[in-house]
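Peer 1: Residue numbers (my numbering), protein chains in the order written: chain A, 1 to 202; chain B, 1 to 202. Dumping the structure here so I can ask a few things about it.
Protein chains: 2
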Amino acid sequence: MRSINSGPKPRGRPRDGRIDRDVVAAVLGVLRLRGYRAVTIENIARRVRSARTSLYRRWPSKRHLVAFAVVHELGTQPAPDTGSLREDLEIAVETLRHAFAGPLGSAIGGLASDMAHDPALARLIRAAVLTPRRDSMRAALARGEARGQIAPGLDLELLLDALTAPYYFRALFGHAPITAGMNEKIVDLLLQAAAPQARSNT
Amino acid sequence: MRSINSGPKPRGRPRDGRIDRDVVAAVLGVLRLRGYRAVTIENIARRVRSARTSLYRRWPSKRHLVAFAVVHELGTQPAPDTGSLREDLEIAVETLRHAFAGPLGSAIGGLASDMAHDPALARLIRAAVLTPRRDSMRAALARGEARGQIAPGLDLELLLDALTAPYYFRALFGHAPITAGMNEKIVDLLLQAAAPQARSNT
DNA sequence: AGTATACGATACAGTCTGTATGCTAAAGTT
DNA sequence: AACTTTAGCATACAGACTGTATCGTATACT
Chain A
1 MRSINSGPKP RGRPRDGRID RDVVAAVLGV LRLRGYRAVT IENIARRVRS ARTSLYRRWP
61 SKRHLVAFAV VHELGTQPAP DTGSLREDLE IAVETLRHAF AGPLGSAIGG LASDMAHDPA
121 LARLIRAAVL TPRRDSMRAA LARGEARGQI APGLDLELLL DALTAPYYFR ALFGHAPITA
181 GMNEKIVDLL LQAAAPQARS NT
Chain B
1 MRSINSGPKP RGRPRDGRID RDVVAAVLGV LRLRGYRAVT IENIARRVRS ARTSLYRRWP
61 SKRHLVAFAV VHELGTQPAP DTGSLREDLE IAVETLRHAF AGPLGSAIGG LASDMAHDPA
121 LARLIRAAVL TPRRDSMRAA LARGEARGQI APGLDLELLL DALTAPYYFR ALFGHAPITA
181 GMNEKIVDLL LQAAAPQARS NT
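As structure tokens, then:
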């Protein structure tokens, strides 16, 4: 969202970049300290000392504002190509672990809730962060498959879910901590699951 | 929450059971049709034709109300002991799949968001639904371990997360459908992951 | 100078929250 | 039958937030 706008030359008074920067920082700060519910247009406008109308000019509602901030924070962070599938995946999930250690942990619930009401927002968020991340991980899996580390014909979408969903799940429900050691364990678990061995234990 | 209250004899005018029943039905209906945001004390009270104060007498806030309805809908549904680990797990995840096909799919995001603000509510929900479900699945895994189907020393919490989190994840973000066929695949994937074979493919 | 857009301030109607108050209804207790 | 206790209903209220609108001012480009 909010592309670099390399389009036609802008007219009129330009936007105040300070507001955009301050708003993102304020949203992340409020998310971390006071949670999703405390993020309101009103509240954020007060914090950055601008008028509410200036925020409404940029984002049509609170959920778009939060989405914008979260996209900036979480980023796309593709899995790299290190030559080792295990390393590629560990690096990819590490970005998840790191993100949920920050202000995002308390944001995804609210964001997911808003996505349920607003299909356009849901598409936007998926396209901005979920899809690129998954694409890069899927590519890593494909490289691994070519090297014989992954059983052919496996449902890679499900594999991706099993690999990443636990981070979201723990961030959402807090039933177990998100630790650094989790990265190695979850990757190990699913590499074992995906290995092209004797697949049978009924 | 709201135990059967086998305590001391109640005094005064008894609660109107119709309200409790109607409220739960109304909450689930609104969740399904209009999503989490549309669930408000005001709105629900209008629907069941009772006064807002009658609802506040029962639940201190909207989030407790939703939690109550969701707990009733999702239930505890333990994994049974069929003698087959695979079957036990498939039955357990089937209850998840089924639940997220209903009105709960759009509720968990909002609920998780509220849990982030209200630690007491979070504990309550975990204790009422998450923990019993996990306990029963953990027991099933322990039985499987005793039968030699699970590698000893495996992190069972993580295994449980990898097994169940994909349902929540898909319900929340909608990037992939929650299908009936998913049950067999995910159980298969994680039984393979947990199998006590040669655990090494660096 | 003229045009176009942004910013800040203010206002407004609408919705929801939580709390409070009074009145009536329905049960058990004495 | 009177009393006590709690539930339900209606109403009110202050506070917060939402979205929209309007107006004057500021800042860019042409």
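Virtual Cβ for every residue (Gly too), placed ideally from N, Cα, C. Just so you know, these numbers come straight off a predicted model, no measurement behind them.
Looking at residue 33 of chain A and residue 107 of chain A, is the spacing between their C-beta atoms short of 9 Å?
Peer 2: Not closer than 9 Å, so no.
Peer 1: Should the region 105-119 of chain B be regarded as contacting the region 76-92 of chain B, the criterion being three or more beta carbon pairs within less than 8 Å?
Peer 2: These segments do not touch.
Peer 1: Tell me the rounded alpha-carbon separation between residue 14 of chain A and residue 70 of chain A.
Peer 2: Distance between the alpha carbons of residue 14 of chain A and residue 70 of chain A: 24 Å.
Peer 1: Taking the C-alpha atoms as reference points, what is the distance between residue 4 of chain A and residue 67 of chain B?
Peer 2: Low confidence applies to residue 4 of chain A: its pLDDT is 46, below 50, so where it sits in the model is not reliable enough to give any reading.
Peer 1: On a Cα-Cα basis, can you pick out the residue from A/36, A/77 and A/44 that is closest to residue 25 of chain A?
Peer 2: Measuring from the Cα of residue 25 of chain A, the nearest candidate turns out to be A/44.
Peer 1: Could you check whether residue 190 of chain A and residue 162 of chain A sit closer than 9 Å to each other, using their CB atoms as the reference points?
Peer 2: Going by C-beta atoms, residue 162 of chain A is nearer than 9 Å to residue 190 of chain A.
Peer 1: Using beta carbons (cut-off 9 Å, strictly below), is residue 83 of chain B in contact with chain A?
Peer 2: Answer no: the Cβ-Cβ gap between residue 83 of chain B and chain A never drops below 9 Å.
Peer 1: Could you check how far apart the C-beta atoms of residue 48 of chain A and residue 91 of chain A are, in whole angstroms? I think they sit under 8 Å.
Peer 2: The pair is not a contact, with the Cβ atoms about 34 Å apart (cut-off 8 Å).
Peer 1: Does residue 88 of chain B get closer than 9 Å to chain A when you measure Cβ to Cβ?
Peer 2: Answer no: the Cβ-Cβ gap between residue 88 of chain B and chain A never drops below 9 Å.
Peer 1: Can you find a CB in chain B that lies within less than 9 Å of the CB of residue 173 of chain A?
Peer 2: By this cut-off, residue 173 of chain A is an interface position.
Peer 1: Relative to the alpha-carbon of residue 173 of chain B, which residue among A/125, A/139 and A/175 has its alpha-carbon at the smallest distance?
Peer 2: Nearest C-alpha to residue 173 of chain B: A/125.
Peer 1: Using only the alpha-carbon positions, how far apart do residue 178 of chain B and residue 187 of chain B sit?
Peer 2: Cα-Cα distance, rounded: 14 Å.
Peer 1: Considering only C-alpha positions, which residue in the set A/112, A/152, A/143 and A/181 is nearest to residue 168 of chain A?
Peer 2: When each option's Cα is compared against that of residue 168 of chain A, the closest is A/112.
Peer 1: Exposed or buried, which one is residue 1 of chain A when buried takes at least 16 other CB atoms within 10 Å?
Peer 2: For residue 1 of chain A, the pLDDT reaches just 44, beneath the cut-off of 50, and the residue's location in the model is therefore unreliable, leaving the point undetermined.
Peer 1: From the DSSP output, in three-state form, read off residue 132 of chain B for me.
Peer 2: In this structure, residue 132 of chain B counts as helix in the three-state DSSP scheme.
Peer 1: Between residue 136 of chain B and the rest of its own chain, which residues show a CB-CB distance below 6 Å, the 5 nearest in sequence each way excluded?
Peer 2: Cβ neighbours of residue 136 of chain B beyond the five flanking positions: 78 and 79.
Peer 1: Assign residue 175 of chain A to one of three DSSP states: helix, strand, or coil.
Peer 2: Three-state result, residue 175 of chain A: coil.
Peer 1: Of all the CB atoms in chain A, is at least one closer than 9 Å to the CB of residue 137 of chain B?
Peer 2: Chain A, which has no Cβ nearer than 9 Å to the Cβ of residue 137 of chain B, makes this no.
Peer 1: Closer than 9 Å, CB to CB, is residue 117 of chain A near chain B or not?
Peer 2: Closer than 9 Å to some Cβ of chain B, the Cβ of residue 117 of chain A qualifies, so yes.
Peer 1: Cutting at 7 Å between CB atoms, please list the residues of its own chain near residue 54 of chain A, excluding the five before and the five after it.
Peer 2: 19.
Peer 1: Would you mind telling me which residues of chain B sit closer than 9 Å to residue 109 of chain A, beta carbon to beta carbon, in chain order?
Peer 2: Correct list: 108, 109, 110, 111, 112, 113, 114, 115, 116 and 172.
Peer 1: Which residue comes first and which comes last in the alpha helix (DSSP H) that contains residue 106 of chain A?
Peer 2: Neither: residue 106 of chain A is in no alpha helix (DSSP H) and is coded neither H nor E.
Peer 1: For chain A, is any of its Cβ atoms less than 9 Å away from the one on residue 32 of chain B?
Peer 2: Residue 32 of chain B does not count as touching chain A.
Peer 1: Quick check: what's the CA-CA separation for residue 160 of chain A versus residue 93 of chain A?
Peer 2: Distance between the alpha carbons of residue 160 of chain A and residue 93 of chain A is about 10 Å.
Peer 1: Along the chain, which unbroken stretches of the beta strand (DSSP E) at least 3 residues long are found entirely within the region 115-168 of chain A?
Peer 2: Counting only runs of 3 or more, we get nothing.
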